[in-house]
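Everything on this sheet refers to the single structure shown next.
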Amino acid sequence: MKHVFIFLFLLLCVRGHGYVDAVSLSVMEGDSVTLYTDVETIQQEEIRWYFNDIRIAQVSGDLSYICTDVQCNNGTERFRDRLKLDNQTGSLTITNITNTDSGEYKLQINRSSDSLLQLFNVSVYYAPERQKMKTVKEGHSVTLDPGVVKKTNYLMKWVFNDVRIAEISGDFSFICTDVQCLYADVRFKGRLKLNHMSGSLTITNTRTTDSGLYYLLIISSRFSIKKSFIVNVTGYVDAVSVSVMEGDSVTLYTDVETIKQEEIRWYFNDIRIAQITEDLSFICTDVQCKYSDERFRDRLKLDHQTGSLTIRNITNTDSGLYHKQVISISNINDGIFSVAVYDVPAAERDEIKRKSIKEGESVTLDPGETKSPNDVMTWYFNDILIAEIPGDQSKICTDDQCDERFRDRLKLDHQTGSLTITNITNTDSGIYHLQINSSRISIIKSFSVTVPNSGLSSAAVAGIVVLCVGVAAVVAAGVIYYRKRQAGQHNNVTDMVMQFSSQMEKDPNDDSCQ
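Here's what the structure looks like:
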């Protein structure tokens, strides 16, 4: 009887604390996950989120206090700008999830009358890059597989260029593809096949206009998962593929030396984003071109002499197919560039591209590339050439062969192009650019190096000593004048100055005023 009473007491305690059954979910690296609170609008509630018992997010009922990650706990930077807190519902989103984010997430909802606790067990598994990035020849089929088995009450929705193209409701009562989905267009025209059990999407008889970013949203009552896939459909013999990091600048060449009789047009996912006529009477980029959107927002630059297109500060939403048209009187020359932008969290990107190093130490600027044959890699410091590896490596220069600033303190990796600066000084602080040139594209990567000044230079120390001596001499002269007036005696000024000088000479290394 005693044991039964204890069991009932503990059961009441647990229920009084408001525990709800734990929710388990498994996601792929790179996915985005949203954990719901079931709160429609925060009013009297305080929402707190914990990861492995460490507070990672909080929002008060009156929104007077909101924090995520390091704002909640100083010194914990696990998520590094990858947490988003919905200020209306308190739901938590983890973007670009990694395997180190696997663990127990605890939701605590505090009300004036009670509190509710909800557990989410999140496991993250490794995803091969080929699973999320698909390259296929025009006319072939491609399948986008989320790697999950659809569960009852899961809503699965496929989106391409922000338009819904396929959907399966939780109870299978509604299934649509392409034009069957409200507001969808006729882009695919019966070329989509949807697997009702896994939610995988197959695109048959692919076209170059199918290239771009596809999203799959998996929505349940307690959480949602967002998976992204990049599809590149190449239909030209001279297709060029390039992979770059967020924040890089990329130039796509036209192979035109000087525009004379040609008109050049650039398209991204079948939308015109740049154009220049042969007489320069019409030039447009991005929103200046009719029917274009604001995707690039002043990040496009068109070379008026060659028509080459530069995308600055590139982002993962810029991944896709870039179509070049060089139109002349006699023919149209098409070219295709398949650009894949790999996502790197802001904090990790800063760690790669922003270096702070102490004087005397070494620093390596690593572009994260493997040099391809015929690529020319050129390093610049404050726009001055300091190192270069030509395509055939017949001539490699560093430092005094290019510029004498570093004097044998540069080391260049001929395979990756990474640059190491040894015995660094504060004069090495500045912006370093790496330009990777091929016949069809150019990539520019930027690195910021900061070398804090470790102390005063010898010239500054010598200046301080001179200043101290000067001040002391003035003081000594004042004392002499004062004594002469008080005592009325004729003291030997020279002797007193010599006495002061001998006191200063006792410690010639002392650079402070006594």
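Numbered according to this note's numbering, the sequence shown spans residues 539 to 1052. We put the beta carbon where it would ideally sit given N, CA and C, even for glycine. The model shown is predicted, which means the values in this text are computed figures rather than measured ones.
Where residue i sits in the DSSP three-state scheme
i, result
"Asn-807", "coil"
"Asn-1029", "With a pLDDT of 43 at Asn-1029, under the threshold of 50, the modelled position of that residue is not reliable, and the figure given next carries that caveat. Looking at Asn-1029 - three-state DSSP - the assignment turns out to be coil, as it is neither helix nor strand."
"Ile-969", "strand"
"Ala-665", "coil"
"Glu-784", "coil"
"Gln-813", "strand"
"Gln-581", "coil"
"Thr-792", "coil"
"Val-697", "strand"
"Arg-887", "helix"
"Thr-855", "helix"
"Val-825", "helix"
"Asp-836", "coil"
"Glu-897", "coil"
"Leu-818", "coil"
"Met-735", "coil"
"Val-877", "strand"
"Val-999", "Model confidence at Val-999 stands at a pLDDT of 41, short of 50, so the residue's coordinates are unreliable; what they give is reported in the following sentence. It is helical."
"Thr-908", "coil"
"Val-565", "strand"
"Ile-576", "Residue 576 is actually Asp in this sequence, not Ile. The answer is coil: DSSP assigns Asp-576 none of H, G, I, E or B."
"Lys-798", "coil"
"Thr-1128", "Missing from the structure shown is residue 1128; the chain here goes from 539 to 1052 and no further."
"Tyr-1019", "Confidence in Tyr-1019 is poor, its pLDDT being 44 and thus under 50, which makes the residue's placement unreliable; the coordinate value appears in the next sentence. The answer is helix: DSSP assigns Tyr-1019 an H, G or I state."
"Asn-920", "coil"
"Lys-727", "coil"
"Asp-559", "strand"
"Lys-689", "coil"
Residue of the options minimising C-alpha distance to residue i
i, options, result
"Asn-975", "Lys-695, Ser-910, Ser-640", "Ser-910"
"Arg-725", "Val-697, Gly-708, Met-735", "Val-697"
"Thr-575", "Thr-792, Val-597, Glu-567, Asp-569", "Val-597"
"Glu-705", "His-734, His-952, Gly-685, Leu-601", "His-734"
"Gly-531", "Asn-964, Lys-672, Val-662, Met-694", "Because the chain here runs from 539 to 1052, residue 531 falls outside it and cannot be looked at."
"Lys-695", "Ser-679, Asn-743, Tyr-752, Tyr-664", "Tyr-752"
"Thr-954", "Leu-972, Arg-947, Thr-965", "Leu-972"
"Val-769", "Lys-798, Thr-746, Val-788, Leu-645", "Thr-746"
"Asp-619", "Ser-629, Thr-633, Asn-612", "Thr-633"
"Val-565", "Lys-765, Leu-790, Pro-905", "Lys-765"
"Ala-489", "Phe-617, Cys-610, Ile-594, Asn-590", "Residue 489 cannot be examined here, being either before or after the span of the chain that is shown, 539 to 1052."
"Arg-593", "Ser-819, Leu-847, Leu-645, Ser-787", "Leu-645"
"Val-738", "Tyr-643, Ser-787, Leu-682, Asp-600", "With the sequence shown as reference, residue 738 is identified as Ser, and Val is not the correct amino acid for it. The candidate whose alpha carbon is nearest that of Ser-738 is Leu-682."
"Gln-813", "Gln-863, Val-782, Arg-833, Ile-852", "Gln-863"
"Pro-908", "Asp-888, Val-782, Ser-857", "Correcting the residue identity first, residue 908 is Thr in this sequence and not Pro. Checking every option, the nearest Cα to that of Thr-908 belongs to Val-782."
"Asp-569", "Asp-881, Arg-945, Ser-980, Thr-902", "Asp-881"
"Thr-789", "Phe-875, Glu-583, Thr-606", "Phe-875"
"Arg-760", "Val-561, Lys-983, Thr-963", "Val-561"
"Ser-857", "Thr-965, Asp-591, Tyr-805", "Tyr-805"
"Asn-854", "Ala-878, Thr-965, Asn-871", "Ala-878"
"Ile-647", "Glu-583, Ile-635, Glu-801, Ile-865", "Glu-583"
"Arg-943", "Phe-919, Thr-958, Leu-957", "Phe-919"
"Ser-602", "Glu-801, Thr-614, Ile-802, Gln-626", "Gln-626"
"Ile-756", "Arg-850, His-861, Pro-684", "Pro-684"
"Asp-921", "Arg-810, Leu-957, Ile-969", "Ile-969"
"Lys-949", "Leu-621, Asp-652, Thr-823, Asp-904", "Asp-904"
Identity of the residues DSSP links to residue i by a beta bridge
i, result
"Arg-892", "Ser-986"
"Met-915", "Ile-927, Ile-974"
"Glu-942", "According to DSSP, which records beta bridges pairwise, Glu-942 is partnered with nothing at all."
"Asn-871", "Val-864"
"Cys-719", "Answer is none; Cys-719 lacks a bridge partner."
"Gln-596", "Arg-586, Cys-605"
"Ile-962", "Answer is none; Ile-962 lacks a bridge partner."
"Glu-705", "Lys-695, Cys-714"
"Val-680", "Ile-741"
"Thr-844", "Per DSSP, none; premise fails for Thr-844."
"Lys-675", "Thr-772"
"Val-571", "Ile-632, Ile-763"
"Leu-980", "The identity of residue 980 in the sequence shown is Ser, whereas the question assumes Leu. Ser-980 pairs with Thr-789, Asn-975."
Can you list, in chain order, the stretches of the alpha helix (DSSP H) that have 4 or more residues and sit fully within the region 611–670? 667–670
Cβ pair count under 8 angstroms reaching 3, the region 887–894 against the region 982–992: yes
Pair every Cβ in the region 644–660 with every Cβ in the region 717–730, then say whether three or more of these pairs are closer than 8 angstroms. no
Could you tell me which whole beta strand (DSSP E) segments of length 3 or greater appear in the region 744–780? 750–757, 761–772
Inter-stretch contact (C-beta, 8 angstroms, three-pair minimum) for the region 840–851 and the region 806–826: yes
Is it true that the region 790–802 meets the region 699–713, where meeting means three or more beta-carbon pairs spaced less than 8 angstroms apart? no
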